[in-house]
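Residue numbers (full-length UniProt numbering): 1 to 187. Where is the CB? At the ideal position from N, CA and C, for every residue including glycine. These numbers were taken from a predicted model, which means no experiment stands behind them.
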(Lines of atoms letter the chains of each structure in order from A; the text may use other names.)
(Lines give C-alpha, C1' and ligand atoms only; values in the text may rest on other atoms or scores of the structure.)
Protein backbone atom coordinates (compact mmCIF):
# COMPACT_ATOMS: atom_id res chain seq x y z
CA UNK A 1 0.00 0.00 0.00
CA UNK A 2 1.35 3.40 -0.90
CA UNK A 3 1.75 6.15 1.67
CA UNK A 4 -1.07 8.22 0.08
CA UNK A 5 -3.50 5.33 0.40
CA UNK A 6 -2.39 4.71 4.00
CA UNK A 7 -3.07 8.35 4.84
CA UNK A 8 -6.54 8.11 3.31
CA UNK A 9 -7.29 4.96 5.31
CA UNK A 10 -6.04 6.60 8.52
CA UNK A 11 -8.06 9.75 7.79
CA UNK A 12 -11.15 7.64 7.12
CA UNK A 13 -10.70 5.81 10.44
CA UNK A 14 -10.25 9.12 12.26
CA UNK A 15 -13.44 10.49 10.70
CA UNK A 16 -15.37 7.37 11.70
CA UNK A 17 -14.01 7.59 15.23
CA UNK A 18 -14.89 11.30 15.39
CA UNK A 19 -18.41 10.53 14.14
CA UNK A 20 -18.82 7.86 16.80
CA UNK A 21 -17.65 10.27 19.50
CA UNK A 22 -20.03 12.92 18.18
CA UNK A 23 -22.93 10.48 18.27
CA UNK A 24 -22.06 9.39 21.84
CA UNK A 25 -21.87 13.03 22.85
CA UNK A 26 -25.28 13.70 21.32
CA UNK A 27 -26.81 10.67 23.07
CA UNK A 28 -25.34 11.85 26.38
CA UNK A 29 -26.79 15.32 25.80
CA UNK A 30 -30.21 13.81 25.07
CA UNK A 31 -30.12 11.75 28.28
CA UNK A 32 -28.94 14.74 30.34
CA UNK A 33 -31.85 16.81 28.98
CA UNK A 34 -34.31 14.12 30.10
CA UNK A 35 -32.74 13.88 33.56
CA UNK A 36 -32.68 17.69 33.90
CA UNK A 37 -36.34 17.81 32.84
CA UNK A 38 -37.33 15.36 35.57
CA UNK A 39 -35.33 17.32 38.15
CA UNK A 40 -36.93 20.65 37.26
CA UNK A 41 -40.49 19.36 36.93
CA UNK A 42 -40.20 17.41 40.19
CA UNK A 43 -38.79 20.47 41.95
CA UNK A 44 -41.62 22.65 40.65
CA UNK A 45 -44.32 20.15 41.65
CA UNK A 46 -42.77 19.45 45.04
CA UNK A 47 -42.55 23.15 45.86
CA UNK A 48 -46.00 24.00 44.47
CA UNK A 49 -47.66 21.33 46.60
CA UNK A 50 -45.86 22.28 49.81
CA UNK A 51 -47.96 23.54 52.69
CA UNK A 52 -48.35 22.78 56.36
CA UNK A 53 -50.81 23.90 59.01
CA UNK A 54 -50.11 23.84 62.71
CA UNK A 55 -52.61 24.46 65.53
CA UNK A 56 -51.77 27.30 67.88
CA UNK A 57 -53.45 27.13 71.30
CA UNK A 58 -56.89 26.20 70.07
CA UNK A 59 -58.13 24.50 66.98
CA UNK A 60 -59.65 27.80 65.76
CA UNK A 61 -56.31 29.59 65.57
CA UNK A 62 -53.81 27.97 63.22
CA UNK A 63 -50.51 28.84 61.62
CA UNK A 64 -50.26 28.05 57.95
CA UNK A 65 -47.10 27.88 55.79
CA UNK A 66 -47.42 27.67 52.02
CA UNK A 67 -44.95 28.25 49.19
CA UNK A 68 -47.12 31.01 47.68
CA UNK A 69 -46.75 33.09 50.85
CA UNK A 70 -43.25 34.00 49.68
CA UNK A 71 -42.68 35.54 46.26
CA UNK A 72 -39.18 34.02 45.99
CA UNK A 73 -40.65 30.52 46.24
CA UNK A 74 -43.33 31.41 43.70
CA UNK A 75 -40.59 32.62 41.34
CA UNK A 76 -38.75 29.34 41.99
CA UNK A 77 -41.81 27.33 40.89
CA UNK A 78 -42.30 29.44 37.77
CA UNK A 79 -38.61 29.29 36.82
CA UNK A 80 -38.51 25.50 37.21
CA UNK A 81 -41.74 25.12 35.21
CA UNK A 82 -40.43 27.31 32.38
CA UNK A 83 -37.11 25.43 32.24
CA UNK A 84 -39.01 22.11 32.30
CA UNK A 85 -41.06 23.23 29.32
CA UNK A 86 -37.95 24.32 27.48
CA UNK A 87 -36.15 21.05 28.18
CA UNK A 88 -39.04 18.94 26.91
CA UNK A 89 -39.36 21.14 23.80
CA UNK A 90 -35.60 20.90 23.12
CA UNK A 91 -35.65 17.09 23.01
CA UNK A 92 -36.59 16.81 19.29
CA UNK A 93 -33.71 19.11 18.37
CA UNK A 94 -31.36 17.11 20.60
CA UNK A 95 -32.57 13.94 18.86
CA UNK A 96 -31.68 15.47 15.49
CA UNK A 97 -28.10 15.82 16.77
CA UNK A 98 -27.99 12.06 17.30
CA UNK A 99 -29.22 11.32 13.77
CA UNK A 100 -27.38 14.03 11.82
CA UNK A 101 -23.78 15.01 12.25
CA UNK A 102 -23.85 18.44 10.57
CA UNK A 103 -25.94 20.42 13.05
CA UNK A 104 -23.82 23.44 13.88
CA UNK A 105 -26.58 26.07 13.68
CA UNK A 106 -28.96 24.14 15.90
CA UNK A 107 -26.16 23.50 18.41
CA UNK A 108 -25.44 27.21 18.59
CA UNK A 109 -29.16 27.88 19.11
CA UNK A 110 -29.32 25.28 21.88
CA UNK A 111 -26.24 26.72 23.58
CA UNK A 112 -27.80 30.21 23.58
CA UNK A 113 -31.12 28.92 24.91
CA UNK A 114 -29.40 26.64 27.44
CA UNK A 115 -27.45 29.60 28.81
CA UNK A 116 -30.65 31.65 29.11
CA UNK A 117 -32.41 28.78 30.91
CA UNK A 118 -29.38 28.30 33.13
CA UNK A 119 -29.61 31.95 34.16
CA UNK A 120 -33.33 31.69 34.88
CA UNK A 121 -32.98 28.44 36.83
CA UNK A 122 -30.01 29.72 38.82
CA UNK A 123 -31.90 32.89 39.72
CA UNK A 124 -34.93 30.91 40.87
CA UNK A 125 -32.90 28.40 42.86
CA UNK A 126 -30.75 31.11 44.43
CA UNK A 127 -33.72 33.18 45.55
CA UNK A 128 -35.34 30.09 47.03
CA UNK A 129 -32.06 29.14 48.72
CA UNK A 130 -32.09 32.44 50.62
CA UNK A 131 -35.60 31.71 51.91
CA UNK A 132 -34.72 28.12 52.80
CA UNK A 133 -31.69 29.36 54.70
CA UNK A 134 -33.83 31.81 56.67
CA UNK A 135 -36.40 29.10 57.34
CA UNK A 136 -33.69 26.84 58.77
CA UNK A 137 -31.44 29.35 60.53
CA UNK A 138 -33.49 32.52 60.96
CA UNK A 139 -31.83 35.91 61.41
CA UNK A 140 -31.55 37.25 64.95
CA UNK A 141 -30.56 40.75 63.79
CA UNK A 142 -33.90 41.24 62.03
CA UNK A 143 -36.01 39.17 64.45
CA UNK A 144 -36.75 36.53 61.83
CA UNK A 145 -37.00 33.26 63.66
CA UNK A 146 -36.32 29.81 62.32
CA UNK A 147 -39.60 28.12 61.44
CA UNK A 148 -38.25 24.67 60.64
CA UNK A 149 -38.57 23.42 64.20
CA UNK A 150 -42.33 23.98 63.97
CA UNK A 151 -42.93 23.43 60.23
CA UNK A 152 -40.66 20.41 59.77
CA UNK A 153 -42.51 18.85 56.82
CA UNK A 154 -42.67 22.19 55.01
CA UNK A 155 -38.91 22.72 55.40
CA UNK A 156 -38.03 19.20 54.31
CA UNK A 157 -40.07 19.54 51.12
CA UNK A 158 -38.71 22.96 50.14
CA UNK A 159 -35.15 21.82 50.88
CA UNK A 160 -35.60 18.70 48.73
CA UNK A 161 -37.09 20.76 45.95
CA UNK A 162 -34.13 23.10 46.09
CA UNK A 163 -31.64 20.23 45.85
CA UNK A 164 -33.37 18.91 42.71
CA UNK A 165 -33.21 22.34 41.13
CA UNK A 166 -29.50 22.78 41.83
CA UNK A 167 -28.85 19.33 40.33
CA UNK A 168 -30.63 20.59 37.19
CA UNK A 169 -28.39 23.70 37.23
CA UNK A 170 -25.35 21.41 37.22
CA UNK A 171 -26.82 19.33 34.38
CA UNK A 172 -27.46 22.45 32.29
CA UNK A 173 -23.83 23.47 32.79
CA UNK A 174 -22.78 20.02 31.54
CA UNK A 175 -25.10 20.37 28.53
CA UNK A 176 -23.56 23.71 27.62
CA UNK A 177 -20.06 22.29 27.92
CA UNK A 178 -20.91 19.20 25.84
CA UNK A 179 -22.45 21.35 23.10
CA UNK A 180 -19.42 23.63 23.10
CA UNK A 181 -17.10 20.64 22.84
CA UNK A 182 -19.14 19.24 19.96
CA UNK A 183 -18.96 22.56 18.14
CA UNK A 184 -15.24 22.95 18.72
CA UNK A 185 -14.52 19.51 17.22
CA UNK A 186 -16.19 20.51 13.97
CA UNK A 187 -14.03 23.56 13.32
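Rounded separation between residue i and residue j - CA only
i: residue 106; j: residue 172; result: 17 Å
i: residue 75; j: residue 179; result: 28 Å
i: residue 11; j: residue 43; result: Because the pLDDT at residue 11 is just 49, under 50, the model does not fix this residue reliably, and the value given afterwards should be weighed accordingly. Going by the C-alpha atoms only, they are around 47 Å apart.
i: residue 83; j: residue 103; result: 23 Å
i: residue 142; j: residue 136; result: 15 Å
i: residue 50; j: residue 110; result: 33 Å
i: residue 48; j: residue 96; result: 33 Å
i: residue 148; j: residue 118; result: 29 Å
i: residue 150; j: residue 182; result: 50 Å
Residue i beta carbon near the ligand ZN (any heavy atom closer than 7 Å)
i: residue 112; result: For the ligand ZN, the structure offers nothing, since it holds no ligand at all.
Secondary structure of residue i, DSSP reduced to three states
i: residue 140; result: helix
Check whether residue i and residue j have beta carbons under 8 Å apart
i: residue 90; j: residue 24; result: no
i: residue 39; j: residue 132; result: no
i: residue 162; j: residue 123; result: no
i: residue 30; j: residue 98; result: yes
i: residue 121; j: residue 80; result: yes
i: residue 73; j: residue 157; result: no
i: residue 184; j: residue 125; result: no
Assumed close pair residue i, residue j - CB separation to whole angstroms, cut-off 8 Å
i: residue 146; j: residue 22; result: Not confirmed; about 51 Å, so no contact.
i: residue 114; j: residue 27; result: No, residue 114 and residue 27 are not in contact; Cβ-Cβ is about 17 Å, not under 8 Å.
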